[in-house]
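Let me begin by presenting the structure, written as structure tokens, before commenting on it.
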Amino acid sequence: MTLLLIQIMNPNSKEFIPNHRTESFHISTEALSRKQAQIFQELILEWTTTPTLNTLLANWEDRKKITSKMLNAKSELKIMLLNVSSLKHYLPDIFLLLESTPCPIVVFNGTHHHNDTVKLFSRHFSNCNVYWEAGSNNFGGVLIAIHRSIPVQRVDIFQNQSNIVVLDVGTTTDKFQLATCYSPPNEKLPINLFDKILERSTNTILLGDFNAKHQSWSDSIENQKDRVLFNWLSTNDLEIVNKHVATSTRSNATIDLILAPAHMIPSTS
Numbered sequence: 001m002t003l004l005l006i007q008i009m010n011p012n013s014k015e016f017i018p019n020h021r022t023e024s025f026h027i028s029t030e031a032l033s034r035k036q037a038q039i040f041q042e043l044i045l046e047w048t049t050t051p052t053l054n055t056l057l058a059n060w061e062d063r064k065k066i067t068s069k070m071l072n073a074k075s076e077l078k079i080m081l082l083n084v085s086s087l088k089h090y091l092p093d094i095f096l097l098l099e100s101t102p103c104p105i106v107v108f109n110g111t112h113h114h115n116d117t118v119k120l121f122s123r124h125f126s127n128c129n130v131y132w133e134a135g136s137n138n139f140g141g142v143l144i145a146i147h148r149s150i151p152v153q154r155v156d157i158f159q160n161q162s163n164i165v166v167l168d169v170g171t172t173t174d175k176f177q178l179a180t181c182y183s184p185p186n187e188k189l190p191i192n193l194f195d196k197i198l199e200r201s202t203n204t205i206l207l208g209d210f211n212a213k214h215q216s217w218s219d220s221i222e223n224q225k226d227r228v229l230f231n232w233l234s235t236n237d238l239e240i241v242n243k244h245v246a247t248s249t250r251s252n253a254t255i256d257l258i259l260a261p262a263h264m265i266p267s268t269s
């Protein structure tokens, strides 16, 4: 690429060296979000402090290799599950959390869906693909944000289902299905829908707020929904990753669950 540039450039032209003491170059960033402005400033800094184009391209290639290495290792792919109880209300806190604790895949339940808030979230995290679905009541709604470096596609047959988002994540040789569901306390678990999701792929991670409390995974009083979920788990090769990890803000109950087949759960031995 450098040789091509040398051929088409005028060898007799003077080298442009900006005089920072006497010249200023103002580029407005008013239309950018805080995150976009930060990325823009880092880009300008990189271009103005790297001595040669070859060095810049070499740095990019090194970063590309590091990113590819991370994506090829399943154990390095982290997923964060958050029950936000209103994305709109807690959006500033979520911005701070995700900027201080970055994660390539973030799953939200209980978003209390609001179109303008989703648009604001998507603009702020422009380096992510964002998928969402409204809830069946004012307290539902789900959203998944996945870094753009990770191949992802929404599964069409499960679109327009309240409180459900299903995605294919990864490449053809290393693909898994990621599904999230919010199940309101007074609604039945969508077991038939769960069955269809698993039928499509055995490499499935299913996570969300199921509002199901069973003694085998939650330190709380059992309810009808937990028995239904317990029986369903018993007939499928799925394990609960976060047993007895309190996720409710009102009790010690574990109602937000991460379900995965044994072969997808890293061994701790």
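Mapped onto UniProt numbering, the consecutive letters of the sequence shown carry residue numbers 1 to 269.
Positions of the beta carbon are idealized from the N, C-alpha and C atoms, including for glycine.
For residue i: DSSP bridge partner residues
{"i": "Arg-34", "result": "None; Arg-34 has no bridge partner."}
{"i": "Leu-257", "result": "Gly-208"}
{"i": "Ala-179", "result": "Val-166, Leu-206"}
{"i": "Glu-239", "result": "Ala-260"}
{"i": "Ile-79", "result": "Ile-105"}
Residue i versus the options, residue with shortest Cα-Cα distance
{"i": "Ser-126", "options": "Pro-184, Asn-138, Ser-149", "result": "Ser-149"}
{"i": "Val-107", "options": "Glu-61, Glu-99, Ile-146, Asn-115", "result": "Ile-146"}
{"i": "Ser-33", "options": "Arg-123, Lys-119, Asn-211, Ile-258", "result": "Arg-123"}
{"i": "Asp-209", "options": "Asn-231, Asn-186, Leu-198, Thr-48", "result": "Asn-186"}
{"i": "Asn-109", "options": "Leu-193, Pro-261, Asn-163, Trp-47", "result": "Asn-163"}
{"i": "Asn-203", "options": "Lys-188, Thr-173, Ser-28, Leu-98", "result": "Thr-173"}
{"i": "His-234", "options": "Asn-242, Asn-223, Asp-256, Pro-261", "result": "Before going further, note that residue 234 is Ser rather than His in the sequence given. Nearest option by C-alpha distance: Pro-261."}
{"i": "residue 282", "options": "Pro-184, Leu-120, Phe-158", "result": "Outside the displayed range of the chain (1 to 269) lies residue 282, so it cannot be described from this structure."}
{"i": "Thr-117", "options": "Leu-87, Leu-96, Glu-99", "result": "Leu-87"}
{"i": "Gln-224", "options": "Lys-188, Ile-94, Gly-140", "result": "Lys-188"}
{"i": "Leu-96", "options": "Leu-167, Leu-77, Phe-121", "result": "Phe-121"}
{"i": "Phe-194", "options": "Lys-175, Thr-171, Trp-232", "result": "Trp-232"}
{"i": "Leu-81", "options": "Pro-104, Lys-64, Glu-61, Asp-62", "result": "Pro-104"}
{"i": "Thr-111", "options": "Ala-31, Ile-27, Tyr-182", "result": "Tyr-182"}
Residue i versus residue j: straight-line alpha-carbon distance, rounded
{"i": "Val-228", "j": "Pro-92", "result": "37 angstroms"}
{"i": "Val-84", "j": "Pro-102", "result": "17 angstroms"}
{"i": "Cys-128", "j": "Ile-191", "result": "30 angstroms"}
{"i": "Asp-226", "j": "Ile-79", "result": "24 angstroms"}
{"i": "Ile-258", "j": "Ala-212", "result": "12 angstroms"}
{"i": "Glu-239", "j": "Leu-43", "result": "44 angstroms"}
{"i": "His-113", "j": "Gly-135", "result": "7 angstroms"}
{"i": "Glu-46", "j": "Val-152", "result": "29 angstroms"}
{"i": "Ala-37", "j": "Lys-196", "result": "43 angstroms"}
{"i": "Ser-75", "j": "Asn-115", "result": "Residue confidence is low: Ser-75 scores 46 on pLDDT, short of 50, so the model does not pin down where it sits. Its coordinate-derived value is still stated next. Spanning the two alpha carbons is a distance of roughly 34 angstroms."}
{"i": "Ala-73", "j": "Lys-119", "result": "In this prediction, Ala-73 has a pLDDT of 45, which is less than 50 and means its spatial position is unreliable; nothing more can be read from the coordinates."}
{"i": "Gly-140", "j": "Asn-160", "result": "14 angstroms"}
{"i": "Tyr-90", "j": "Glu-99", "result": "14 angstroms"}
{"i": "Val-241", "j": "Ile-94", "result": "24 angstroms"}
{"i": "Lys-175", "j": "Asn-236", "result": "20 angstroms"}
{"i": "Leu-207", "j": "Ile-265", "result": "14 angstroms"}
{"i": "Ser-269", "j": "Phe-158", "result": "Low confidence applies to Ser-269: its pLDDT is 34, below 50, so where it sits in the model is not reliable enough to give any reading."}
{"i": "Asp-256", "j": "Ile-27", "result": "45 angstroms"}
{"i": "Ala-31", "j": "His-263", "result": "46 angstroms"}
{"i": "Leu-77", "j": "Phe-230", "result": "27 angstroms"}
{"i": "Thr-52", "j": "Glu-61", "result": "14 angstroms"}
{"i": "Thr-48", "j": "Asn-54", "result": "14 angstroms"}
Contacting residues, own chain, Cβ-Cβ under 6 angstroms from residue i (five flanking each side not counted)
{"i": "Met-1", "result": "For Met-1, the predicted model reports a pLDDT of 34, less than 50, meaning its position is unreliable; a value from the coordinates is still stated below. Hits under 6 angstroms: none found."}
{"i": "Val-165", "result": "Tyr-131, Glu-133, Val-142, Ile-144, Thr-180"}
Sequence-distant residues of the same chain with beta carbon closer than 8 angstroms to residue i, five excluded per side
{"i": "Thr-50", "result": "Leu-56, Asn-59"}
{"i": "Gln-177", "result": "Val-155, Val-166, Leu-167, Asp-168, Val-169, Ile-197, Arg-200, Ser-201, Asn-203, Thr-204, Ile-205"}
{"i": "Thr-171", "result": "Pro-151"}
Cutoff 7 angstroms; reference residue i; Cβ partners in own chain excluding five residues on either side
{"i": "Thr-29", "result": "Ala-37, Phe-40"}
heavy atom of the ligand GDP below 6 angstroms from residue i C-beta
{"i": "Asn-163", "result": "As presented, the structure is devoid of all ligands, the ligand GDP included, so that no description of it is given."}
(message) Threshold first: 3 residues or longer. Then list the beta strand (DSSP E) segments lying entirely within the stretch 81-165, N to C.
(response) Taken in chain order, the complete beta strand (DSSP E) segments of 3 residues or longer contained in the stretch 81-165 are 105-109, 128-133, 142-147, 152-154.
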